[in-house]
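Trainee: Quick note on my numbering: the sequence shown kicks off at 797 and runs consecutively.
Note that CB positions come from ideal geometry on N, CA and C, so glycine has one too.
None of these values were measured; they are calculated from a predicted model.
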Amino acid sequence: PSAPPDNIQIGMYNQTAGWVRWTPPPAQHHNGNLYGYKIEVSAGNTMKVLANMTLNSTTTSVLLNNLTTGAVYSVLLNCFTKAGDGPYSKPISLFMDPAHHVHPPRAHPSGTHDVLHQEGQDLTYHNGMGDIHPNSDTHHTTHRTSSDYLPGIWLMVVIVIILLGVVFSAAIAMVYFKRRHQMTKDLGHLSVVSDNEIT
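#1: Alpha carbon to alpha carbon, what distance is there between Met892 and Leu873?
#2: For Pro883 and Thr865, I'd like the C-alpha separation in whole angstroms.
#3: Is the CB-CB distance between Ile888 and Val871 below 9 Å?
#4: For a test of the three-state rule: what should DSSP assign to Ala787, helix, strand or coil?
#5: Taking 6 Å as the limit between beta carbons, can you name the residues of its chain near Asn852, skipping five residues before and five after?
#6: So Leu863 is in the beta strand (DSSP E); what residue range does that whole segment cover?
#7: Tell me where the beta strand (DSSP E) around Gly814 begins and ends.
#8: By DSSP's criteria, Ala799 is part of a beta bridge. Which residues make up the other side?
#9: Pull up the CB-CB distance for Gln802 and Trp818, whole angstroms please, since I reckon it's below 8 Å.
#10: Are the Cβ atoms of Leu860 and Leu830 separated by less than 9 Å?
#11: Strictly by DSSP, which residues pair up with Val834?
#12: Given Thr856, which residues of its chain have a CB within under 6 Å of its CB, disregarding the five upstream and five downstream residues?
#13: Where does the unbroken beta strand (DSSP E) through Ser889 begin, and where does it stop?
#14: At the level of alpha carbons, what is the spacing between Ala966 and Ile835?
#15: Would you tell me roughly how many angstroms separate the C-alpha atoms of Ala879 and Val845, rounded to the nearest one?
#16: Which residue wins for smallest C-alpha separation from Gly807, given the options Ala847, Ser798 and Leu863?
#17: Spell out the partners DSSP gives Ser857 in its beta bridges.
#18: Under the three-state reduction of DSSP, which class applies to Met843: helix, strand or coil?
#19: Using the rule of at least 16 other Cβ atoms within 10 Å of the residue's Cβ for burial, across every protein chain shown, is Ser798 buried or exposed?
#20: Does the separation of the CB atoms of Cys875 and Pro822 fall below 9 Å?
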């Protein structure tokens, strides 16, 4: 591509998260099919690169979680095709200052919760494509902690317990009715004496 992504917007989502949104560069600057975007996040005052992210071409927003309140981050974006990378955008500053709190135009950019892993902090990024680690352009399989699955596990445990209770109750009811039927059958051949026959 001969141009960086267009209409780049950035803001503070809450006390510990920031968002970045963009659109593809104009079609005349694509020079082939866009394969995706690369985002570089740096510490604003030291320019130390905290993370490099590679995203597919349909992803046009990122939510950065676990940021430090009061810190300044610098974000650069570019796009790439099969032929290679295009130029990076100019650095855009993300101020994690409540005075600069700006919500994205929609309730949540792209509907994704995205995370980066930063050395010394737990700055995380994920968009359903797997974890992306700092200074790495490769995707890894998504690593989830047990707390990510906890609500689903508890729901399954409750469902299994309920099903076991239903099966157990049905088994007890079958045994009860079978024994009752057997007792009725065993007593069926006995003759019943009426009041008239006793006297």
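Mentor: On the basis of the coordinates in this document:
#1: So the alpha carbons of these two residues sit roughly 19 Å apart.
#2: If I take the Cα positions, the gap works out to 30 Å.
#3: Cβ distance < 9 Å, so Ile888 and Val871 count as in contact.
#4: The requested residue 787 does not occur in the structure, where the chain is confined to residues 797 to 995.
#5: Short of 6 Å from the beta carbon of Asn852, and not among the five residues preceding or following it, lie these beta carbons of its own chain, in chain order: Gly832.
#6: Per DSSP, Leu863 belongs to no beta strand (DSSP E) and is neither H nor E.
#7: Element bounds for Gly814: Ala813 to Thr819.
#8: In DSSP, Ala799 forms no bridge with anything.
#9: Residue identity check: residue 802 is Asp in the sequence provided, not Gln. Confirmed, Cβ separation roughly 7 Å.
#10: No, the Cβ-Cβ distance between Leu860 and Leu830 is not below 9 Å.
#11: According to the sequence displayed, residue 834 carries Lys and not Val. Lys834 pairs with Thr850 and Asn874.
#12: The beta carbon of Thr856 is closer than 6 Å to those of Trp818 in its chain, skipping five residues each way along the sequence.
#13: For Ser889, the uninterrupted beta strand (DSSP E) run begins and ends at Ile888 to Phe891, by DSSP.
#14: Note on geometry: alpha-carbon atoms of Ala966 and Ile835 lie some 59 Å from one another.
#15: C-alpha separation (whole angstroms): 25 Å.
#16: Taking the Cα of Gly807 as reference, the smallest distance to any Cα among Ala847, Ser798 and Leu863 is reached at Leu863.
#17: Answer by DSSP bridge pairing, in chain order: Arg817.
#18: If DSSP states are grouped into helix, strand and coil, Met843 belongs with coil.
#19: That one is exposed.
#20: No; because the gap between Cβ atoms is not below 9 Å, this pair is not in contact.
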